[in-house]
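Numbering (the numbering used here), first residue to last: -19 to 199.
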Amino acid sequence: MSPAFTLYTHAQGPNGWKVVYVLQALGLTYESKYLAFDKSEQKAPEFLALNPNGRIPALVDHAAGFTIWESDAIMVYLVETYDKKNLISFPGAKEKAQTLQWLFFQASGQGAYFGQAAHFKMFAPEKIPYGIERYTKEVARVCSVLNDVLSKQAFLVGDHVSIADLSFIPWNNFALMALLPEGVVPATEYPALVKWHAGLAELAYVKAGAAEQAAAGSH
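Structure (structure tokens):
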């Protein structure tokens, strides 16, 4: 039987992996197609027909004849359509709004600024101190926001893990190791965040996603 979904993604880029966590959590069958950025496959006409923004990820739901892009939008679509038992979502309007609140913060606060921190700190052709300082401080600020909230509650929304929590995992994997300002020790500065992140990493479906990522990166 063919997989129900095709996920267009990248072996190392963070945003596709949060979608993998959701597909795994809901027991949905999928095929991952890893685009080669060095060949600009994300800008090829075939992919632009699926995602005019030319970025990963994009997901095709074959049964529904539906394509959706932007990782957090994909997560919302999957739980709204397939998470009937609210395993990683919530039925109530208030919890749904709070989930969107955190997804918007993840996209505009974590994803955008952490990406810039990675660029200036690790990949820019020249070291620009202003860029490094500005964006690593933003990483620290976002981590502080999360730590403050998580010092008072176990999850970002409600009483169980949801897509709000899962959305932060891939960039935090990177940030807690490499993107904070020099001298910042995550376990000391952000103990609640580190504890929450470690707990998420132990979930079976997150482990499955991590194993898939490791396998994809070894090819």
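Ideal Cβ positions, reconstructed from N, Cα and C, are used throughout, including at glycine. Note that the structure is a prediction, hence the values are computed from the model and not measured.
| Check | Outcome |
| --- | --- |
| Pick out whichever of LEU146, PRO161, ALA16, TRP49 has its Cα sitting closest to the Cα of PRO32. | TRP49 |
| Starting from LYS(-2), trace the alpha helix (DSSP H) in both directions and tell me its first and last residue. | -5 to 5 |
| If I'm right that THR61 touches ILE143 with Cβ under 8 Å, what's the distance once you round it to whole angstroms? | Not a contact, Cβ separation roughly 13 Å. |
| Suppose only complete runs of 4+ residues qualify. What are the alpha helix (DSSP H) ranges in the segment 71 to 130, listed by chain order? | 73 to 85, 92 to 98, 109 to 130 |
| Excluding the 5 residues flanking LEU3 on each side, which residues of the same chain have their C-beta closer than 6 Å to its C-beta? | TYR10 |
| Just the C-alpha distance for TYR110 and ALA92, rounded to the nearest angstrom, thanks. | 17 Å |
| Leaving out the 5 sequence neighbours to the left and right, which residues in its chain are closer than 8 Å to LEU130 when beta-carbon positions are compared? | LEU136, ALA172, LEU173, LYS175, TRP176 |
| Taking buried to mean at least 16 other C-beta atoms within 10 Å of its own C-beta, is ALA97 buried or exposed? | buried |
| To the nearest angstrom, how far is it from the Cα of VAL(-1) to the Cα of SER51? | 6 Å |
| From which residue to which residue does the alpha helix (DSSP H) around LEU173 run? | 171 to 181 |
| Return the chain-ordered list of same chain residues with a C-beta closer than 8 Å to the C-beta of GLY189, the five sequence neighbours on each side being excluded. | TRP(-3), VAL0, TYR1, GLN4 |
| Kindly list the residues whose CB is nearer than 7 Å to the CB of LEU8, restricted to its own chain and excluding five residues on each side of it in sequence; keep chain order. | ALA(-16), PHE(-15), TYR62 |
| When the Cα atoms are used, what is the spatial distance from ALA24 to LYS101? | 29 Å |
| Let me check one thing: in DSSP terms, what residues is ASP41 bridge-paired to? | PHE(-15), PHE46 |
| Measuring straight from C-alpha to C-alpha, what distance separates LEU58 and HIS140? | 18 Å |
| Report buried or exposed for GLN81, applying the criterion of at least 16 other Cβ atoms within 10 angstroms of its Cβ. | exposed |
| Please name the residue, chosen from VAL119, ARG114, ARG35, PRO150, that lies closest to GLU169 on a Cα-to-Cα basis. | VAL119 |
| Which residues bound the alpha helix (DSSP H) around GLU192? | 184 to 197 |
| Does DSSP classify LYS23 as helix, strand or coil? | helix |
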